[in-house]
Structure formats: C-alpha cells, structure tokens
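Numbering (the working numbering), first residue to last: 0 to 464. Beneath this line is the structure, given in structure tokens, with notes to follow.
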Ligand code: PFF
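Below is the structure:
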C-alpha cells in the first residue's frame, strides 16, 4: 500500500477515472479533430488506432506497473528499482510535463474564457477569435484563473482533489459530447463530413501522417512522461493494472473518436459539404474555437449561448483533469524527493510553469516577436511548434526508454510479476503473451524505427515512407 502521507486513490474506479481524466482532455476534443484534418482524414485515423492499441497500451501498462511497484514519482521510481542511472527518463518526463503544461494552460484558459464570454452575452466571440487570443489582458487573466484551479485540486492531494474532480466531470463530459454529436448529425451535408472521417484514402498516407498519428496517440494517452508512473504509484496492489489500462485506453480513444463525429459533420455543414477547408490554413488549432461555435449559432442567441457556454465549460473540465495530472508529475517529485510540503511545491511549480508559458501566451497575436519567433513547417504558432517538439521528441524518447528499461534492465520477469498482482491467472494467459510480445519486442523496435522516421521527416524534410 502507498504510505499514508503520500496519499492514494480510494479504489480502482478512482484511479481509472483520474487516469482517464488525464488522458481525455484538449488532446481529444481540440487537437484530435484538427490533426485528423491536417493529416488527411481517415488515413490518419487508421494509423492512430493502430498505434493506440499496439504501441501505446503496452507502454501505459508498463508505466503504471513501474509506478505501483515503487510507489514513487517519475524520477524516484527508477532510483527505487535500483537503477539510478536510468532516472534521466524521469527527468525528461518532468521537463516534458513542464513544457506541455506551459502551453496547455493557455489553451485551457481560452476555453474557460469562451465560457465566460458566452454566458455573459458575448455570443459572437468565435467571429473574433484572432483578436481574442491577442488580447493579452483577457487571455492572461483566464490563464491565471485556470492555473489557480489546477493548483487548488493538486494541493488537495489524490483522493481529496484529483479523484473527486474526475468522478463528477468525466461522466458529464461524455453526456454533453453525445448530445452535440446527435445534433450535428441532423444538419445538412453531415454525411460528407462522416465520409471524410471514415473512408481512408491510401494516397494520403505519408511520413507526416504517420508522425502526426503517433504524436497524437502518445499525447492523448498521457504517455512517455511519467504521468502514469506517478498515478500508478497511488494504486493499490490488489488492483488489476492490465484491465484498468485497457479501460483507460478504450475510454480515451472512444472519446477522441466520438469528438470527430461532433466536428466533421459540422465542418461539412458550414462549408456546404466541401471538406478541403480542414486541410487549409483555416484549420489547425482554431478549428474547435471557430468552427464548432457555428453549431451553437444555429440554435439562436439565447439557447445557443446557453449550450455553447455549457459546452466550453465542460471542455475546460476535460482540460482540468489533464492539467492536474501534468502538474502532479513535478509536484510529486518535489514532495517525495525534495521533501517539500505539497502546498508549497504546488505554488512554486505552478508559478514556474506559468512563467515558462509566457511566450505561448504572447505567441498568438499579442506580440509579433513571439508569434513569429520559432516556426516549423506546418506550425502556425509558437505553441503548435512547442506541442510538436515536446511530443515528437520528449514523449517518444520517454516511451521508448520506458519499455526498453522494463524489458531488459528491470527485466520482464519482474514486470510480469507486478502485473500478476491483482490479476489472478495473468501468468500464462493471452494478456501475458500479448504484453510480453508488445512490450519486449514490438514497442521498442517500432518506436525506435518510427522515431527515426518522424525525426528525419519533421526536422530534415527527409521522408522515408
Ligand atoms: N492527454 C492529455 C490530452 O489529451 O489532453 C494531455 C496530457 C496530459 C499529456 C498529461 C501528457 C500528460 F502527461
């Protein structure tokens, strides 16, 4: 059992909802649809699904097992197993967490801002998205508000804060998304959007699609940065890691998939059935903030503002269960390894991350310098670049090292022993064989190869596929 002063999830459901809450976030609802759009539609979706189940699910199981075995944070876990020289993996994870939260908080701030704007009568906010994101006073305040909420729940600890939050917010979010999906299917031309989303065009398959799908799978499942090592460290020995991870993967993939049914029929409706817009400059990070509100407008100003406001409130809830997990990674390190009090470390780490996020805050129109300072092909804003860099480089390296470490350094027998705790009949089962094959062979080999493909494609323009 976790020691009392570290905290623990009160039961398996608490863990599942918190980890699913970490996974389900802006990545599913804000990022997935525009990555699908930019990646050419269904070809991207097929790759994404393959990566989630064959590569990412095994990485998730491994992370949770390492965390539960050691009952330690992302860095301490490697030390706890006696391999101090591998704790660089945890260090990469903490760096990734800080960088991701620095820009994620800005977008999360936009969502809470949309809620506030819509319910206070500014229904047309989506028409002036560009001037909204460059209004530094407004978006700055919203970002401060969001970071404060995140800090509050992390400071309350595991069962009192993070778990309680997820139990209420996750079911409400799913309900709301389903309502919007049903409504968007009733709109004219909806089926053109569905076709774009579901019928793969093999000619669209190239290194950028593969790289986008892999990056999205890692990001969306919160992998490669020790978030699930950290959450796993609060899990009881009696709980089944394999089935919990399967559930989390299914929930995350399911919600992203359903979010596509929400957005693509709407894009088709807004553009008279023409889907080329999602691959143009108008798509990208603004898709959900510009296109989606179109659906609320069709409901008229009163009802539209109500439903739109409610939707963005739920989107901020989804973001909140993810931001708490991002902040928890460095905070648990500070509490476990540096002996700091939880409250104090929350304040210090949150303040640091906010400062790191200032370029992202200014990089969406507020400052010409930060808007243009660092662009990659396809990266229209500073945080798009940061999002790609952190995920492609840090999360992929993290994931690769984690499976390599578990299989060959810590050793697979120990890993399977840990997985067997809480899962009667695991040893010798199909799950055992599948995970042995994927964790020890498939994931390290494919991740290693794909990393080279992605790296050469994104940073040197060399396409191997
Ligand atoms: N999975 C989250 C999302 O899809 O929005 C983002 C995220 C959270 C990434 C936590 C990484 C992480 F450790």
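Cβ coordinates follow ideal geometry from the N, Cα and C atoms, glycine included.
Could you tell me which of 314, 234, 269 and 204 sits nearest to residue 258, measuring between CA atoms?
Against the chain shown, residue 258 aligns to sequence position 259. For residue 258, the nearest C-alpha among the options comes from 314.
Please state whether DSSP places residue 452 in a helix, a strand or coil.
Position 453 of the chain shown, counted from the start, is the residue given in the question as residue 452. Of the three classes helix, strand and coil, the one that applies to residue 452 here is helix, per DSSP.
Say the cut is 6 Å; is the CB of residue 224 nearer than that to a heavy atom of the ligand PFF?
Working through the chain shown from its first residue, we reach residue 224 at position 225. Within the cutoff, so yes.
Is residue 350 close to the ligand PFF? I mean its beta-carbon at under 6 Å from any heavy atom of the ligand.
Indexing the chain shown from 1 puts residue 350 at position 351. Residue 350: no, Cβ never under 6 Å from the ligand PFF.
Quick check: does the Cβ of residue 22 come within less than 6 Å of any heavy atom belonging to the ligand PFF?
The count along the chain shown starts at 1 and reaches residue 22 at position 23. Yes; taking the cut-off as 6 Å, the Cβ of residue 22 has a heavy atom of the ligand PFF nearer than that.
From the DSSP output, in three-state form, read off residue 29 for me.
For the purposes of this step, residue 29 is taken as the residue at position 30 of the chain shown. The answer is helix: DSSP assigns residue 29 an H, G or I state.
By Cβ distance below 7 Å, which residues in the same chain neighbour residue 19 in space, the five residues on each side in sequence not counted?
On the chain shown, position 20 is the one that residue 19 refers to. For residue 19, where only same-chain residues beyond five positions count, the Cβ hits under 7 Å are 169, 247, 250 and 251.
What do you reckon, is the C-beta of residue 231 under 6 Å from a heavy atom of the ligand PFF?
Translated into positions along the chain shown, residue 231 becomes position 232. Because no heavy atom of the ligand PFF lies under 6 Å away, the Cβ of residue 231 does not count as near it: no.
Say yes only if the C-beta of residue 108 is nearer than 6 Å to one or more non-hydrogen atoms of the ligand PFF, and no if none qualify.
Within the chain shown, numbered from 1, the residue matching residue 108 stands at position 109. Because no heavy atom of the ligand PFF lies under 6 Å away, the Cβ of residue 108 does not count as near it: no.
How would you label residue 244, buried or exposed, when you count the other beta carbons within 10 angstroms and need 16 or more for buried?
The sequence position of residue 244 within the chain shown is 245, counting from 1. By the 10 Å Cβ count, residue 244 comes out buried.
Would you tell me roughly how many angstroms separate the C-alpha atoms of residue 165 and residue 120, rounded to the nearest one?
Stepping through the chain shown from its first residue, residue 165 is reached at position 166. Stepping through the chain shown from its first residue, residue 120 is reached at position 121. One C-alpha to the other measures close to 29 Å.
Are the beta-carbon atoms of residue 255 and residue 27 separated by less than 7 Å?
Translated into positions along the chain shown, residue 255 becomes position 256. Translated into positions along the chain shown, residue 27 becomes position 28. Against a cut-off of 7 Å, the Cβ pair of residue 27 and residue 255 comes out as a contact.
Rounded to a whole number of angstroms, what is the C-alpha to C-alpha distance between residue 442 and residue 97?
Taking the chain shown and counting its residues from 1, the one referred to as residue 442 is at position 443. Taking the chain shown and counting its residues from 1, the one referred to as residue 97 is at position 98. Rounded to the nearest whole angstrom, the C-alpha separation of residue 442 and residue 97 is 26 Å.
Apart from the five residues on each side of it in sequence, which residues of its chain come closer than 8 Å, Cβ to Cβ, to residue 241?
Counted from its first residue, the chain shown places residue 241 at position 242. Correct list, in chain order: 60, 418, 422, 425, 430 and 434.
Cβ-heavy atom distance between residue 314 and the ligand PFF below 6 Å?
The sequence position of residue 314 within the chain shown is 315, counting from 1. No, the Cβ of residue 314 stays beyond 6 Å of every heavy atom of the ligand PFF.
What is the DSSP secondary structure of residue 125, counted as helix, strand or coil?
Indexing the chain shown from 1 puts residue 125 at position 126. In the structure shown, residue 125 sits in a helix (DSSP, three-state: H, G or I).
Cα separation between residue 327 and residue 294?
The sequence position of residue 327 within the chain shown is 328, counting from 1. The sequence position of residue 294 within the chain shown is 295, counting from 1. Near 35 Å, if we compare the C-alpha coordinates of residue 294 and residue 327.
Nearest by alpha-carbon distance to residue 221: which of 318, 184, 371 and 71 is it?
Within the chain shown, residue 221 is the residue found at index 222, counting from 1. Taking only the C-alpha atoms, the option nearest residue 221 is 318.
Going by C-alpha to C-alpha distance, which of 39, 100 and 290 sits closest to residue 360?
Counting from 1 along the chain shown, the entry for residue 360 is found at position 361. Among 39, 100 and 290, the Cα nearest to that of residue 360 is on 100.
Going straight from the alpha carbon of residue 218 to that of residue 64, what length do you get?
Taking the chain shown and counting its residues from 1, one reaches residue 218 at position 219. Taking the chain shown and counting its residues from 1, one reaches residue 64 at position 65. For residue 218 and residue 64, the distance between alpha carbons rounds to 19 Å.
Contact check, residue 329 vs residue 348 under 8 Å by CB: the rounded distance?
Taking the chain shown and counting its residues from 1, the one referred to as residue 329 is at position 330. Taking the chain shown and counting its residues from 1, the one referred to as residue 348 is at position 349. Right, the Cβ-Cβ distance comes to about 5 Å (below 8 Å), so this counts as a contact.
According to the neighbour-count rule (16 or more other Cβ atoms, all chains shown, within 10 Å of its Cβ), is residue 230 buried or exposed?
Reading the chain shown from its first residue, position 231 is the one you call residue 230. Residue 230 is buried by the Cβ-count criterion.
Run the proximity test for residue 253: is its beta-carbon closer than 6 Å to any non-hydrogen atom belonging to the ligand PFF?
For the purposes of this step, residue 253 is taken as the residue at position 254 of the chain shown. Checking the Cβ of residue 253 against the ligand PFF gives no.
Just the Cα atoms here: how many angstroms apart are residue 196 and residue 23?
The residue given as residue 196 occupies position 197 in the chain shown. The residue given as residue 23 occupies position 24 in the chain shown. Those two C-alpha atoms are separated by around 20 Å.
Just tell me which of 187, 307, 402 and 385 has its CA closest to the CA of residue 57.
Along the chain shown, read from residue 1 onward, the residue named residue 57 stands at position 58. Ranking the options by Cα distance to residue 57, first place goes to 402.
Any heavy atom of the ligand PFF closer than 6 Å to the beta-carbon of residue 101?
By 1-based counting over the chain shown, the position of residue 101 is 102. Result no, Cβ not under 6 Å from the ligand PFF.
Which term fits residue 350, buried or exposed, when burial requires 16 or more other beta carbons within 10 angstroms of its beta carbon?
Looking up residue 350 in the chain shown gives position 351. Counting Cβ neighbours within 10 Å, residue 350 comes out exposed, since fewer than 16 surround it.
If you reduce the DSSP assignment to three classes, tell me which class residue 339 lands in.
Within the chain shown, the letter at position 340 stands for residue 339. Residue 339 falls in the coil class under three-state DSSP.
Mind checking whether residue 262 and residue 66 have CB atoms under 7 Å apart?
Taking the chain shown and counting its residues from 1, one reaches residue 262 at position 263. Taking the chain shown and counting its residues from 1, one reaches residue 66 at position 67. Contact annotation: residue 262 and residue 66 have beta-carbon atoms that are not nearer than 7 Å.
Just checking my contact of residue 264 with residue 186 at CB under 8 Å: how many whole Å lie between their CB atoms?
For the purposes of this step, residue 264 is taken as the residue at position 265 of the chain shown. For the purposes of this step, residue 186 is taken as the residue at position 187 of the chain shown. Residue 264 to residue 186, Cβ: 6 Å. Contact.
Please identify the residue among 137, 273 and 410 whose C-alpha is closest to the C-alpha of residue 110.
Sequence index remark: in the chain shown, residue 110 carries index 111 (1-based). The shortest CA-to-CA distance from residue 110 to any of 137, 273 and 410 is the one to 137.
Does DSSP put residue 440 in a helix, a strand or coil?
As a first step, residue 440 must be located in the chain shown, where it is residue number 441. Residue 440 falls in the helix class under three-state DSSP.
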